[in-house]
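*Asks:* The numbering of the sequence shown is the working numbering, which starts it at 10 and goes up by one.
Glycine residues also receive a C-beta, built at the ideal position from the N, C-alpha and C atoms.
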Amino acid sequence: MNYKKIFKKIAEDLSTIKDKGEVANYIPELSTIDPAKFGIHLTTVHQEDYCLGDSEEKFSIQSIAKVLSLSFAYQLEGENLWNRVGVEPSGTAFNALFQLETDQGIPRNPLINSGALVISDILITHLDNPKEDFLKFVRDLSGNQSIEFCQRIATSEKATGHRNAALVNLMKSYGNIKNNIDEVLDFYFNLCSIEMTCNELSKTFLFLAEYGTSPFKKERILCKSKSKRINAIMQLCGFYDEAGEFSFKVGLPGKSGVGGGIVAIYPNKYSIAVWSPKLNKKGNSNKGIQFLELFTTETESSIF
Ligand code: DON
10 MNYKKIFKKI AEDLSTIKDK GEVANYIPEL STIDPAKFGI HLTTVHQEDY
60 CLGDSEEKFS IQSIAKVLSL SFAYQLEGEN LWNRVGVEPS GTAFNALFQL
110 ETDQGIPRNP LINSGALVIS DILITHLDNP KEDFLKFVRD LSGNQSIEFC
160 QRIATSEKAT GHRNAALVNL MKSYGNIKNN IDEVLDFYFN LCSIEMTCNE
210 LSKTFLFLAE YGTSPFKKER ILCKSKSKRI NAIMQLCGFY DEAGEFSFKV
260 GLPGKSGVGG GIVAIYPNKY SIAVWSPKLN KKGNSNKGIQ FLELFTTETE
310 SSIF
């Protein structure tokens, strides 16, 4: 399929519509990004590449990294993981507090902030050098040793991340955080600060299109069943209180981040990354979702 031609046509169509979103500013460093950036990269399971626009520019992947920390924790902890975090869609904002009180410190799923904080806690328990070991996992998985945390963004979020501090404290009071709170927050802010290009992001996530095997590491990261479950969680929880809308419009498992990135998976076919920094009211890339809706419609590549 000539994906490049389809990208161009959709990008042209979208350029005539006003992008109504707003760049995230609650993490001050994220607000400095040029709102007009727009990149796309698709990698097929046969490792054919198709791209458009600012696809080679690094951006902050933010919550997209939660899928990578979940995959690593699932590999290390196995099914015990689900004693500490659920697999239900939350139907709430990514940083909501109230649900956690009702649920007695057990997050609804690993992709909302509370869930990703519990996953961070689990990784800290397992790893000797949590940040270094996690970065190595991501680099090996993507076949790219140049992937880094961004200290500027991690520090900026640390200074303003009061809601995440509230979440982790609340969970600690219920006994669902085992390590030191500052260490958990530091790991989590670093995790979210990872920077990738659309090209790197689509390649990093290709293992979820390949039933758990990284084509770069040439190694199994997750067994088939675990890989299926990660995709299932992305399908139901990847866009918070817009997960239903994303399924409805796009029809692929995916994950967003407040840096404006979205990655989506078509199992056994491709992984696609889109970047456009303006976010809609639910905190997901406005143009990114519009693009993916038109793309899966045009290519008839929804999993449903
Ligand atoms: O914890 C936060 O608020 C950010 N580091 C990540 C949030 C995020 O990316 C939500 N995704 N759309």
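Over what stretch of residues does the beta strand (DSSP E) that includes residue 24 continue unbroken?
*Replies:* Premise fails: residue 24 lies in the alpha helix (DSSP H), 12-24, not in any beta strand (DSSP E).
*Asks:* In chain order, what residues have a CB nearer than 6 angstroms to some heavy atom of the ligand DON?
*Replies:* 71, 72, 103, 104, 122, 166, 173, 201, 265, 266, 267, 292, 293
*Asks:* Just checking my contact of residue 138 with residue 122 at CB under 8 angstroms: how many whole Å lie between their CB atoms?
*Replies:* Separation of the CB atoms of residue 138 and residue 122 is rounded to 24 angstroms, and the pair is thereby denied contact status at 8 angstroms.
*Asks:* Here's a check: name, in chain order, each residue in its chain whose Cβ is nearer than 7 angstroms to the Cβ of residue 130, leaving out the five neighbours to either side.
*Replies:* 186, 187, 188, 193, listed in sequence order.
*Asks:* Taking just the CA atoms, how far does residue 81 sit from residue 62?
*Replies:* 31 angstroms
*Asks:* Is the beta carbon of residue 64 less than 8 angstroms from the beta carbon of residue 49?
*Replies:* yes
*Asks:* Three-state secondary structure (DSSP) at residue 282?
*Replies:* strand
*Asks:* Let me know if residue 262 comes out buried or exposed under the rule of 16 or more other beta-carbons within 10 Å of its beta-carbon.
*Replies:* buried
*Asks:* Note down, in chain order, each residue of its chain lying with its Cβ closer than 6 angstroms to the Cβ of residue 113, except the 5 sequence neighbours on either side.
*Replies:* 183
*Asks:* So the candidates are 106, 247, 175, 213; which of them puts its Cα closest to the Cα of residue 52?
*Replies:* 213
*Asks:* Starting from residue 159, follow its DSSP beta bridges and name the residues at the other end.
*Replies:* Note: residue 159 sits in no beta bridge, so no partner.
*Asks:* If you draw a straight line from the C-alpha of residue 151 to the C-alpha of residue 85, how long is it?
*Replies:* Roughly 19 angstroms between the two C-alpha positions.
*Asks:* Measure from the alpha carbon of residue 198 to the alpha carbon of each residue in 174, 217, 206, 221, then state which is nearest.
*Replies:* 174
*Asks:* Under 8 angstroms, do residue 35 and residue 169 count as touching if we go by C-beta distance?
*Replies:* yes
*Asks:* Assign residue 31 to one of three DSSP states: helix, strand, or coil.
*Replies:* Residue 31 falls in the strand class under three-state DSSP.
*Asks:* Determine the closest residue to residue 30 out of 140, 272, 99, 290, with distance taken between C-alpha atoms.
*Replies:* 290
*Asks:* Give me the Cα-Cα distance between residue 79 and residue 215, rounded to the nearest whole angstrom.
*Replies:* 16 angstroms
*Asks:* Excluding the 5 residues flanking residue 166 on each side, which residues of the same chain have their C-beta closer than 6 angstroms to its C-beta?
*Replies:* Around residue 166: 36, 198.
*Asks:* Buried or exposed, going by whether 16 or more other CB atoms sit within 10 Å of the CB of residue 241?
*Replies:* exposed
*Asks:* Tell me where the alpha helix (DSSP H) around residue 125 begins and ends.
*Replies:* 122-135
*Asks:* What are the boundary residues of the alpha helix (DSSP H) that residue 246 is part of?
*Replies:* 233-246
*Asks:* Give a yes or no on whether the C-beta atoms belonging to residue 70 and residue 268 are separated by under 8 angstroms.
*Replies:* yes
*Asks:* Give the single residue among 87, 220, 293, 126 whose Cα lies nearest to the Cα of residue 172.
*Replies:* 126
*Asks:* So, using beta-carbon positions, are residue 73 and residue 270 closer together than 8 angstroms?
*Replies:* yes
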